[in-house]
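Below you'll find the structure, written out as structure tokens, and then a few comments.
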DNA sequence: TTGTTTCATTGCAATATTACGATAATAAGG
DNA sequence: CCTTATTATCGTAATATTGCAATGAAACAA
């Protein structure tokens with residue numbers, strides 16, 4: 012039905028899945044990578060860089076902002092976006108923990 | 012239009028986004044975490060453990076398999092699933108690289 | 001004020017995802 | 001062969017996501 016049954020999972024599982032979802036689109040990956048390289052940028056730059064319409068970029072920026080991954084500061088008529096270091100560190104830690112939890116099992120099936 | 016314009020992004024960006032998407036659902040996170048703990052399991056166990064219908068679990072397992080994150084071995088009438096260590100290591104490396112690329116910028120906007 | 005620039009929001013169409021009942025498919029035991 | 005057990009697939013309904021044209025909102029300059 013397109014509706015995730017989030018009530019049957021733990022908060023941690025829902026949160027982790029939400030974090031993945033925030034980065035589960037090439038445009039948002041591209042925005043993040045551009046922000047890492049340029050340190051900061053405005054909407055217009057991304058429109059030129061990525062080749063998506065301005066409302067589309069704006070929407071992706073909104074999702075990244077909702078996820079806490081970026082922050083936007085109004086500067087005159089434009090908005091300066093950059094990575095939010097605190098949330099970034101949280102993502103890094105949580106993702107790292109997930110992958111570190113698996114210790115290459117020697118007794119798999121088969 | 013619900014259709015991602017993947018042709019305007021790099022292969023790496025599309026691939027990384029696809030990797031995130033494979034884990035962007037709490038059920039798939041739960042399955043992976045269960046596999047880490049139990050080392051291996053069959054569909055029926057997950058149906059009991061997660062409380063989703065059998066076809067739903069089967070579908071999520073299929074997506075994880077398509078992503079290369081898990082492998083399934085037929086054992087009699089059931090199928091034994093476990094984590095695929097090789098792809099797991101790739102994910103770990105790629106995710107790690109993404110997050111390591113950002114070096115806490117001191118000169119953000121604002 | 002009027003115009004310009006820049007970004008956000010709205011509204012919509014097209015496609016994707018999620019979930020499950022019903023039904024196949026396969027293997028094992030009689 | 002028939003039955004049971006287990007998983008995969010099909011079909012479908014409900015919801016979510018993606019993308020953009022049109023429009024709105026805010027800051028600035030003249």
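Protein chains in written order, with the working numbering: chain A, 12 to 121; chain B, 12 to 121.
Quick reminder that beta carbons are idealized off the backbone N, C-alpha and C, glycines included.
I need the DSSP call for residue 13(B), collapsed to helix, strand or coil.
Within the second chain, residue 13(B) is the residue found at index 2, counting from 1. Residue state, collapsed to three classes: coil.
Going along chain A, which residues have a C-beta under 7 Å from residue 112(B)?
Taking the second chain and counting its residues from 1, the one referred to as residue 112(B) is at position 101. Those are 47, listed as they occur along chain A.
Selected residue, minimal CA-CA separation from residue 90(B), among 114(B), 57(B) and 105(B)
As a first step, residue 90(B) is located in the second chain; it is residue number 79 there, counting from the start. Nearest C-alpha to residue 90(B): 57(B).
By the three-class DSSP mapping on this structure, what secondary structure does residue 95(A) have?
Translated into positions along the first chain, residue 95(A) becomes position 84. Three-state DSSP puts residue 95(A) in coil, outside helix and strand.
Ends of the beta strand (DSSP E) at residue 86(B)?
Here residue 86(B) corresponds to residue number 75 of the second chain, with the count starting at 1. Residues 81-86.
Just how far apart, CA to CA, sit residue 50(B) and residue 105(B)?
Numbered from 1 along the second chain, position 39 holds the residue referred to as residue 50(B). Numbered from 1 along the second chain, position 94 holds the residue referred to as residue 105(B). When rounded, the distance between both Cα atoms is 23 Å.
The alpha helix (DSSP H) that contains residue 40(A), what's its start and end?
Position 29 of the first chain, counted from the first residue, corresponds to residue 40(A). Note, residue 40(A): alpha helix (DSSP H), 37-49.
Contact criterion: CB-CB distance below 7 Å. Does residue 81(B) meet it with respect to chain A?
To locate residue 81(B), count along the second chain from 1; it is residue 70. Judged by the 7 Å Cβ criterion, residue 81(B) is not in contact with chain A.
Quick one: list the residues of chain A neighbouring residue 66(B), beta-carbon separation under 7 Å, in chain order.
On the second chain, position 55 is the one that residue 66(B) refers to. Ordered by position in chain A, no residue passes the 7 Å Cβ test against residue 66(B), which lies about 13 Å from the chain.
Pick from 103(B), 112(B), 61(B) and 66(B) that is closest to residue 21(A), judged by C-alpha positions
Mapped onto the first chain, residue 21(A) falls at position 10. For the residues 103(B), 112(B), 61(B) and 66(B), the minimum Cα distance to residue 21(A) belongs to 61(B).
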